[in-house]
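As structure tokens, the structure follows; a few thoughts come after it.
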Ligand SMILES: Cc1cc2nc3c(=O)[nH]c(=O)nc-3n(C[C@H](O)[C@H](O)[C@H](O)COP(=O)(O)OP(=O)(O)OC[C@H]3O[C@@H](n4cnc5c(N)ncnc54)[C@H](O)[C@@H]3O)c2cc1C
Ligand SMILES: Nc1ncnc2c1ncn2[C@@H]1O[C@H](COP(=O)(O)O)[C@@H](O)[C@H]1O
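Protein chains in written order, with our numbering: chain A, 1 to 328; chain B, 329 to 591.
Written out as structure tokens, the structure is:
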């Protein structure tokens with residue numbers, strides 16, 4: 001028997017889409033190795049009502065282990081999963097990705113002396129075991145992980161696991177009372193989910209002009225805004241985490257692992273290197289154009305049209321040319 | 329208090345990384361350097377010391393790696409660390425993330441740090457997770473990707489971006505914190521600091537010295553086994569050209585967009 005345990009993240013009364021994908025994946029793969037998929041949820045009791053928890057059955061969860069505990073922190077969840085696995089002997093733990101998934105999966109690996117693989121893009125059953133594909137070296141190779149020992153931990157890349165509805169709202173809810181380890185209680189959430197800056201909609205845009213550190217400073221974003229303006233209609237400006245963390249552009253415009261996932265008709269990157277955590281949020285865009293002065297920038301590996309050059313020279317002229325074209 | 333900073337030697341970013349087909353491990357030959365993400369962790373330690381809100385008595389750079397990794401330690405010392413600890417042992421070669429984190433935790437245990445700082449990712453391994461592994465072995469709280477760090481009484485107040493926006497967390501020491509690269513602008517070492525780095529105390533320890541259980545490290549002790557590599561699905565290569573004459577470049581981009589009905 002090879003059961004799978006999945007951590008399901010929730011916020012504001014809803015489950016995280018990547019966590020639901022992890023349940024779908026966990027249930028499908030567990031079935032192939034003769035097991036079932038259970039879920040773990042941790043939070044304030046009121047935020048995790050019976051109906052909400054039972055609804056995880058829709059994605060394939062058999063049981064939902066529910067523990068009262070702090071939200072948004074990794075180590076309390078490690079305590080809960082450690083307890084569930086020690087009592088029920090799950091063979092694999094799967095996470096949908098995201099920051100917390102990485103932290104919980106790694107902490108759990110330490111706690112239970114387990115193997116862990118991150119950034120996994122596919123899981124397969126082979127000879128009664130699960131193996132995981134992990135792209136490495138800037139996605140130019142895929143390394144296949146196999147697990148030894150009692151527990152194998154799989155942390156997915158975001159958007160790797162598709163959400164599939166397979167059942168009804170009948171997952172069994174099992175309440176746990178967990179005594180948290182002292183070091184889990186040393187961290188306390190002060191504020192969670194602060195948005196910082198204007199509320200912009202990038203998910204609905206047909207054209208996205210995305211800016212990165214190459215724009216130089218907050219003022220550099222005006223060039224991106226003017227270009228988006230030249231396209232007119234449904235065009236918007238998006239950003240990388242590097243520039244959002246630096247305060248150059250609002251968080252709502254961020255694409256990537258801890259930002260939005262977008263698939264516009266046109267995505268045009270200006271001064272963006274194309275890190276994996278950015279790529280996962282935009283790779284399904286229909287047309288990808290990149291302007292970067294470094295010919296070795298990873299973004300050229302997945303762009304349809306790449307221009308090696310200085311954006312300070314190119315963007316203003318491109319804006320002008322598109323305006324003229326539109327006017328004519 | 330004592331701050332330990334984890335640092336790693338990695339292939340220079342300009343060198344093409346590859347897998348050695350004979351061993352199935354990453355080919356780590358060629359130009360090597362201090363992992364650039366770790367310079368932000370050293371800088372964060374320096375700013376805590378200079379900030380004065382905490383009494384920082386010592387900053388110790390710690391690495392696990394082959395002999396050549398001393399260069400990363402020298403660089404760390406030139407950036408401000410007072411001394412360094414080098415865990416080096418043939419039995420550690422081939423350790424996966426969990427085994428590496430365990431071994432580093434054993435080395436750190438002997439230092440009993442009040443705070444462990446590390447980078448958000450290693451340029452070669454890119455696991456983002458060593459901090460979380462180390463922390464749980466040390467029975468310390470852990471937070472990763474921290475972009476703001478302030479002293480708040482007997483605790484630290486940290487900010488980082490998680491799945492739903494920015495979180496602010498208060499954490500009591502001792503703790504393990506990985507810092508994001510937006511947290512600070514690392515300083516350049518002075519020529520004097522570079523020259524003096526080799527004279528600062530450097531201790532080399534083996535796996536046995538720090539009490540590592542040999543069955544939990546190295547390729548055999550690792551719980552993840554990888555040795556099979558595949559090619560990713562082929563993707564049609566895009567067109568890339570250099571901007572030589574910007575008017576022509578712009579015309580080319582516009583034509584390309586028009587062809588695809590994007591304008
Ligand atoms: C757990 C985790 C989560 C993350 N989540 C996200 C996320 O959600 N979204 C995200 O975007 N990132 C995320 N990141 C960060 C990511 O790894 C990269 O650090 C970030 O995407 C880099 O942003 P950038 O491309 O703007 O900056 P850089 O990587 O610094 O690239 C800047 C580029 O600009 C080019 N450039 C500079 N000047 C010019 C010029 N004048 N003309 C043309 N080109 C120029 C340079 O050649 C360079 O390629 C995450 C990282 C981690 C570890
Ligand atoms: N062998 C090592 N020795 C010391 N520190 C390391 C080692 N490997 C990783 N680290 C630290 O862990 C951070 C994250 O690395 P990784 O989890 O491999 O992406 C790095 O920035 C380093 O600070």
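Positions of the beta carbon are idealized from the N, C-alpha and C atoms, including for glycine.
Chain A within 9 Å of residue i, Cβ atoms only
| i | result |
| --- | --- |
| residue 468 (chain B) | yes |
| residue 578 (chain B) | yes |
| residue 391 (chain B) | no |
| residue 336 (chain B) | no |
| residue 434 (chain B) | no |
| residue 462 (chain B) | yes |
| residue 331 (chain B) | no |
| residue 450 (chain B) | no |
| residue 547 (chain B) | no |
| residue 360 (chain B) | no |
| residue 491 (chain B) | yes |
| residue 441 (chain B) | no |
| residue 556 (chain B) | yes |
Buried versus exposed, by CB contacts within 10 Å (16 or more), residue i
| i | result |
| --- | --- |
| residue 264 (chain A) | buried |
| residue 21 (chain A) | buried |
| residue 119 (chain A) | buried |
| residue 519 (chain B) | exposed |
| residue 575 (chain B) | exposed |
| residue 371 (chain B) | buried |
| residue 341 (chain B) | exposed |
| residue 421 (chain B) | exposed |
| residue 256 (chain A) | buried |
| residue 88 (chain A) | exposed |
| residue 86 (chain A) | exposed |
| residue 457 (chain B) | buried |
| residue 561 (chain B) | exposed |
| residue 63 (chain A) | buried |
CA-to-CA distance, residue j to residue i, given in whole angstroms
| i | j | result |
| --- | --- | --- |
| residue 496 (chain B) | residue 484 (chain B) | 10 Å |
| residue 306 (chain A) | residue 289 (chain A) | 6 Å |
| residue 442 (chain B) | residue 309 (chain A) | 47 Å |
| residue 312 (chain A) | residue 215 (chain A) | 8 Å |
| residue 100 (chain A) | residue 72 (chain A) | 7 Å |
| residue 176 (chain A) | residue 566 (chain B) | 53 Å |
| residue 83 (chain A) | residue 462 (chain B) | 20 Å |
| residue 269 (chain A) | residue 556 (chain B) | 34 Å |
| residue 246 (chain A) | residue 396 (chain B) | 35 Å |
| residue 191 (chain A) | residue 234 (chain A) | 34 Å |
| residue 285 (chain A) | residue 159 (chain A) | 14 Å |
| residue 425 (chain B) | residue 35 (chain A) | 27 Å |
| residue 132 (chain A) | residue 559 (chain B) | 14 Å |
| residue 464 (chain B) | residue 489 (chain B) | 22 Å |
| residue 479 (chain B) | residue 494 (chain B) | 18 Å |
| residue 293 (chain A) | residue 388 (chain B) | 38 Å |
| residue 412 (chain B) | residue 401 (chain B) | 6 Å |
| residue 212 (chain A) | residue 167 (chain A) | 43 Å |
| residue 43 (chain A) | residue 23 (chain A) | 18 Å |
| residue 203 (chain A) | residue 390 (chain B) | 43 Å |
Residue-level contact to chain B via CB, residue i, 9 Å cutoff
| i | result |
| --- | --- |
| residue 201 (chain A) | no |
| residue 219 (chain A) | no |
| residue 298 (chain A) | no |
| residue 282 (chain A) | no |
| residue 265 (chain A) | yes |
| residue 181 (chain A) | yes |
| residue 261 (chain A) | no |
| residue 1 (chain A) | no |
| residue 246 (chain A) | yes |
| residue 94 (chain A) | no |
| residue 81 (chain A) | no |
Proximity test, Cβ basis, 9 Å: residue i and chain E
| i | result |
| --- | --- |
| residue 465 (chain B) | Protein chains in the displayed structure are A and B, and chain E is not among them. |
Check each residue's C-beta against every heavy atom of ligand 2 and list, in chain order, those closer than 7 Å. B:334, B:335, B:336, B:363, B:365, B:366, B:369, B:390, B:391, B:392, B:393, B:425, B:428, B:432, B:446, B:447, B:448, B:449, B:450, B:453, B:454, B:455, B:456, B:457, B:458, B:459 and B:506
Any chance you could list the beta strand (DSSP E) runs of at least 3 consecutive residues sitting entirely within the segment 196–244 of chain A, in chain order? 207–211 and 235–239
Tell me the start and end of each unbroken beta strand (DSSP E) in the segment 510–534 of chain B that is at least 3 residues and wholly inside, in chain order. 530–533
Just list the beta strand (DSSP E) runs in the segment 244–292 of chain A, keeping only unbroken ones of 3 residues or longer that don't cross its boundaries, in chain order. 266–270 and 287–292
Where are the alpha helix (DSSP H) runs, 4 residues long or more, that stay fully inside the segment 385–423 of chain B, in chain order? 398–406
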